[in-house]
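Novice: Got a structure here, written out as structure tokens. Questions coming.
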Amino acid sequence: MTAPTSKPVTAFGPDFPFPYDEWITHEAGLGQIPESAHGKKVAVIGSGAAAMTASFELMRMGLHPVIYESGQFGGRLRSHEFEGSGGITAELGGMRFPISSTGFYHYINMLGLETEEFPNPLTPAAGSTVIDLEGETHYGETLADLPDVYHEVAMAYDEALEESAHFSALKDAIRNRDAGRIKELWDPIVEEWDERTFYDFVVSSKAFSRLSFRHREVFGQVGFGTGGWDSDFSNTMLEILRVNVCELDDDQRYVVGGVEQMPKGLWQREVDGMAHWPDGTSLSKLNNGGTRAGVRKISRHSDGQQLEITDAWGRVDSYEAVLATCQSHLLTTSIETDEDLFEQKMWMALDRTRYMQSSKTFVMVDRPFWKDKDPETGRDVMSMTLTDRLTRGTYLFDNGPGKPAVICLTYSWMTDALKMLPLSVDERVNLALAALKKIYPKVDIAQHIVGDPVTVSWEDDPNFLGAFKGALPGHYRYNSRMYGHFIQEKLPEKHRGIFMAGDGVSWTPAWVEGAVQTALNSVWGIMTHFGGSTHQGNPGPGDVYPMLGPMVLGE
Ligand SMILES: Cc1cc2nc3c(=O)[nH]c(=O)nc-3n(C[C@H](O)[C@H](O)[C@H](O)COP(=O)(O)OP(=O)(O)OC[C@H]3O[C@@H](n4cnc5c(N)ncnc54)[C@H](O)[C@@H]3O)c2cc1C
């Protein structure tokens, strides 16, 4: 057994164990392009985390990213400011960011954004947690306060991870950034689990087979770390294992004032000492303060070289490189994409990408009244709540003294999110209040609501058509094709010049770190496309891909 170390676990692999955080902080920089390419325009579709990360780094190399956005700036990092509240926000997309996301935090720290511990279940930040299943309610501050069944479930999952995934050894290898050892442990897991579901993993484990069906139900509803995971039961187990081994569901923080400040900050940040551009240049300045409209068409110019982008107003521009960060199924729905730009096997991967549904509903309340004590029990009158009722997860945000507080009344996925889909915001709030009333009969949340509630169903928005990828069994090959597409030297000419990035291209969908890492892959790809290269002392993802790239499963 490897000796325990104090090094932190980071999102280092396991499929492609490349140190993105070291690459972007190295003093030599990410690489350079020839002077003849300086100032050349690159079309970037989208303005979310991936688009802004890639655009920022491409600008620093001397390229001119031109940003197209069909919806709201920031994409799925969307912080809704309650009307007239002076900065009180609700995170409609990404909201809790594990500290193992070191690529993402590089930009958060660079922008000077403040973070706080996220009020997840049974954490000190939540204060107290209520778990309400099948009408039975338990109150606790830590796992130790909950009945035995919760401990048994937690222990069983830990045991199952050891039994089937060499969990401690794999985590140690990730901590130590030991790429060889990671591959030794992870590659056989890929072969064994690509075509098997999360549910299969649970039921076929020795640990859970000793326990009752009720234990599996409790696991599905309460899960590990942040809440219920039954909505992921049908996903490939590999995706869940990545979350576990990279500690994506642990030690999460939120960005004070809203995570949308990340893409907006990168857009506005004025940078000195860049290749080609004068000091003080920003993405915003290069784009005259605004993004282009949404992209309607991507095609190859008749010269066979350049790519043509047609925007929503019919304006056509030509580029040597295009980076698409929108969700992949939009390339066949809202964007007319020349079929010849990708090989058919790639289309298979893009079209088979499966997106999950997700819905959230927030209200602003006059104060964090949930911290009032119930005179009979001495407990908080209301707590962070996990339940099998339709609200599923209810999160409480105290914005500090004298400020309104915020409640995420319901955060749900898949079938639970679909239940909300046809409903208006008021109907959603009323349903959530009715469900919570059954758990907290003495609390009148409605009396505390101020301002207008806000809701989102990501699957209902034509700019997304889903919240995030949730890979199904057998999707490893598709993921591999999309992830490795940034290396284009072996592609036929007609398939070159179009790049992809975003969490849907990554191995870790639903985590912004995947958007950042794939954006950095695309930076390497675009740099190489323009004839550039990395510094010898700071190899980039494409340089080491032949050695460290994901294992290949035969076709
Ligand atoms: C409900 C929810 C909860 C989440 N929770 C977390 C979390 O807690 N922690 C975490 O780390 N991550 C979380 N995520 C994931 C995180 O939000 C994403 O990984 C990240 O925001 C994705 O960034 P992206 O750049 O890949 O894609 P996006 O942000 O989706 O950017 C793509 C952009 O392309 C635009 N676009 C679409 N079509 C066109 C077109 N035709 N022309 C031009 N532009 C177009 C879209 O409008 C969008 O702005 C969550 C996501 C959701 C939806």
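Counted the way our numbering counts, the sequence shown spans residues 123 to 677. Backbone N, C-alpha and C fix where the C-beta goes; we use that ideal spot for every residue, glycine too. Since this is a predicted model, take the numbers as computed values, not measurements.
I'd like the list of long-range same chain contacts for A159, defined as Cβ closer than 8 Å, with 5 residues on each side in sequence excluded.
Specialist: Against the sequence shown, residue 159 aligns to sequence position 37. Answer for A159: G184, L185, F652, G653 and G654, listed in chain order.
Novice: Please determine, among T358, F204 and S223, the residue with the shortest C-alpha to C-alpha distance to P141.
Specialist: For this step, residue 141 is matched to residue 19 along the sequence shown. With distances taken between Cα atoms, P141 lies closest to S223.
Novice: According to DSSP, what are the bridge partners of R414?
Specialist: The residue labelled residue 414 in the question sits at position 292 within the sequence shown. Paired residue(s): Y190.
Novice: Can you tell me where the alpha helix (DSSP H) with K560 in it begins and where it stops?
Specialist: Here residue 560 corresponds to residue number 438 of the sequence shown, with the count starting at 1. Taken as a continuous stretch (DSSP letters only), the alpha helix (DSSP H) holding K560 covers V547 to I561.
Novice: Between G662 and W145, is the Cβ-Cβ spacing less than 9 Å?
Specialist: Residue numbering aside, residue 662 sits at position 540 when the sequence shown is read from its first letter. Residue numbering aside, residue 145 sits at position 23 when the sequence shown is read from its first letter. It is a contact, given that the beta carbons lie within the stated cut-off.
Novice: Any contact between the region 423–441 and the region 170–182? By contact I mean 3 or more CB pairs, one from each, below 8 Å.
Specialist: Verdict: no, contact absent.
Novice: Would G379 and S201 qualify as a contact pair, given that the criterion is a beta-carbon distance under 9 Å?
Specialist: Position 257 of the sequence shown holds residue 379. Position 79 of the sequence shown holds residue 201. Yes.
Novice: Give the straight-line distance between the Cα atoms of G664 and F608, rounded to the nearest whole angstrom.
Specialist: For the purposes of this step, residue 664 is identified with residue 542 of the sequence shown, where counting begins at 1. For the purposes of this step, residue 608 is identified with residue 486 of the sequence shown, where counting begins at 1. Their backbone Cα atoms lie some 8 Å apart in a straight line.
Novice: Quick one: Cα of Y190 to Cα of S406, how far?
Specialist: Here residue 190 is taken as the residue at index 68 of the sequence shown, counted from 1. Here residue 406 is taken as the residue at index 284 of the sequence shown, counted from 1. One C-alpha to the other measures close to 12 Å.
Novice: For M174, I'd like the list of residues in its chain whose CB is within less than 7 Å of its CB, leaving aside the five on either flank, ordered along the chain.
Specialist: Translated into positions along the sequence shown, residue 174 becomes position 52. Counting only Cβ-Cβ distances below 7 Å, and skipping sequence neighbours, we find P385, L388 and W389.
Novice: Run through DSSP, which three-state label would P544 get?
Specialist: As a working mapping, residue 544 is identified with position 422 in the sequence shown. Coil at P544, not helix or strand.
Novice: Tell me whether the region 204–219 and the region 416–434 touch, counting them as touching only if at least three CB pairs, one residue from each stretch, are closer than 8 Å.
Specialist: With a cut-off of 8 Å, the region 416–434 and the region 204–219 do not count as touching, because too few Cβ pairs lie within range.
Novice: Assign G102 to buried or exposed, taking buried as 16 or more other Cβ atoms, counted over all protein chains shown, within 10 Å of its Cβ.
Specialist: Given that the chain is displayed from residue 123 to residue 677, the structure contains no residue 102 and the question cannot be resolved.
Novice: Can you tell which of E498, T513, Y517 and S480 has the C-alpha that lies nearest to the C-alpha of M67?
Specialist: Look at the range of the chain in this structure, 123 to 677, and you will see that residue 67 is not part of it.
Novice: Kindly examine ligand 1 and report whether one of its heavy atoms sits closer than 8 Å to the Cβ of Q639.
Specialist: Along the sequence shown, read from residue 1 onward, the residue named residue 639 stands at position 517. Answer for Q639: no, Cβ out of range of ligand 1.
Novice: Could you give the DSSP three-state label for F134: helix, strand or coil?
Specialist: Counted from its first residue, the sequence shown places residue 134 at position 12. In this structure, F134 counts as coil in the three-state DSSP scheme.
Novice: Are there any heavy atoms of ligand 1 lying less than 8 Å away from the beta-carbon of Y517, as far as the coordinates show?
Specialist: Taking the first residue of the sequence shown as 1, we reach residue 517 at position 395. No, the Cβ of Y517 stays beyond 8 Å of every heavy atom of ligand 1.
Novice: What is the DSSP secondary structure of M277, counted as helix, strand or coil?
Specialist: Residue numbering aside, residue 277 sits at position 155 when the sequence shown is read from its first letter. Note: M277 maps to helix in three-state DSSP.
Novice: Anyone know if the C-beta pair for N357 and T413 falls short of 9 Å?
Specialist: Taking the sequence shown and counting its residues from 1, one reaches residue 357 at position 235. Taking the sequence shown and counting its residues from 1, one reaches residue 413 at position 291. No, Cβ-Cβ distance for N357 and T413 is not below 9 Å.
Novice: Compare the C-alpha of P139 against each of G676, E677, L675 and P668 and name the closest.
Specialist: Numbered from 1 along the sequence shown, position 17 holds the residue referred to as residue 139. When each option's Cα is compared against that of P139, the closest is P668.
Novice: Classify M649 as helix, strand or coil using the three-state DSSP reduction.
Specialist: Here residue 649 refers to the residue found at position 527 of the sequence shown. Reduced to three states, the DSSP call for M649 is helix.
Novice: Alpha carbon to alpha carbon, what distance is there between G350 and M673?
Specialist: If you number the sequence shown from 1, residue 673 lands on position 551. If you number the sequence shown from 1, residue 350 lands on position 228. For M673 and G350, the distance between alpha carbons rounds to 31 Å.
Novice: If you compare alpha carbons, which of G135, P130 and D371 is closest to W629?
Specialist: As a first step, residue 629 is located in the sequence shown; it is residue number 507 there, counting from the start. Nearest option by C-alpha distance: G135.
Novice: List the DSSP bridge partners of K163.
Specialist: Position 41 of the sequence shown, counted from the first residue, corresponds to residue 163. Answer is H186.
Novice: Alpha carbon to alpha carbon, what distance is there between Q154 and A443?
Specialist: Position 321 of the sequence shown holds residue 443. Position 32 of the sequence shown holds residue 154. One C-alpha to the other measures close to 16 Å.
Novice: Alpha carbon to alpha carbon, how far is S128 from I296?
Specialist: Here the question's residue 128 lines up with position 6 in the sequence shown. Here the question's residue 296 lines up with position 174 in the sequence shown. Distance between the alpha carbons of S128 and I296 is about 12 Å.
Novice: Give me, in chain order, the residues of the same chain whose beta-carbon lies closer than 6 Å to that of R550; leave out the 5 immediate sequence neighbours on both sides.
Specialist: Looking up residue 550 in the sequence shown gives position 428. The answer, listed in chain order, is T483, M542 and T577.
Novice: Is the closest heavy atom of ligand 1 to the C-beta of I230 under 8 Å?
Specialist: As a working mapping, residue 230 is identified with position 108 in the sequence shown. I230 Cβ: outside cutoff for every heavy atom of ligand 1.
Novice: Over the uninterrupted beta strand (DSSP E) stretch that includes V528, give me the two end residues.
Specialist: As a working mapping, residue 528 is identified with position 406 in the sequence shown. Element bounds for V528: A527 to W535.
Novice: What do you get for L265, buried or exposed, if any count of 16 or more other CB atoms within 10 angstroms of its CB means buried?
Specialist: The count along the sequence shown starts at 1 and reaches residue 265 at position 143. When all chains shown are included, L265 counts as exposed.
Novice: When you compare only the Cα positions, how much space is there between F586 and Q449?
Specialist: Within the sequence shown, the letter at position 464 stands for residue 586. Within the sequence shown, the letter at position 327 stands for residue 449. Looking at the two C-alpha atoms, the distance is approximately 6 Å.
Novice: Entirely within the region 209–267 and at least 4 residues each: give me those alpha helix (DSSP H) ranges in chain order.
Specialist: DSSP runs (the alpha helix (DSSP H)) wholly in the region 209–267: 224–232.
Novice: Rounded to whole angstroms, what is the Cα-Cα separation between E635 and L594?
Specialist: For the purposes of this step, residue 635 is identified with residue 513 of the sequence shown, where counting begins at 1. For the purposes of this step, residue 594 is identified with residue 472 of the sequence shown, where counting begins at 1. So the two alpha carbons sit approximately 20 Å from each other.
Novice: Please state whether DSSP places H687 in a helix, a strand or coil.
Specialist: Given that the chain is displayed from residue 123 to residue 677, the structure contains no residue 687 and the question cannot be resolved.
Novice: Would you mind listing the beta strand (DSSP E) stretches within the region 431–510 that are 3+ residues and don't spill past its ends, in chain order?
Specialist: The qualifying runs are 438–441, 443–446, 480–487 and 506–509.
Novice: Taking the straight line between their C-alpha atoms, what separation do you get for L555 and D520?
Specialist: Residue numbering aside, residue 555 sits at position 433 when the sequence shown is read from its first letter. Residue numbering aside, residue 520 sits at position 398 when the sequence shown is read from its first letter. Cα to Cα, the separation comes out at about 19 Å.
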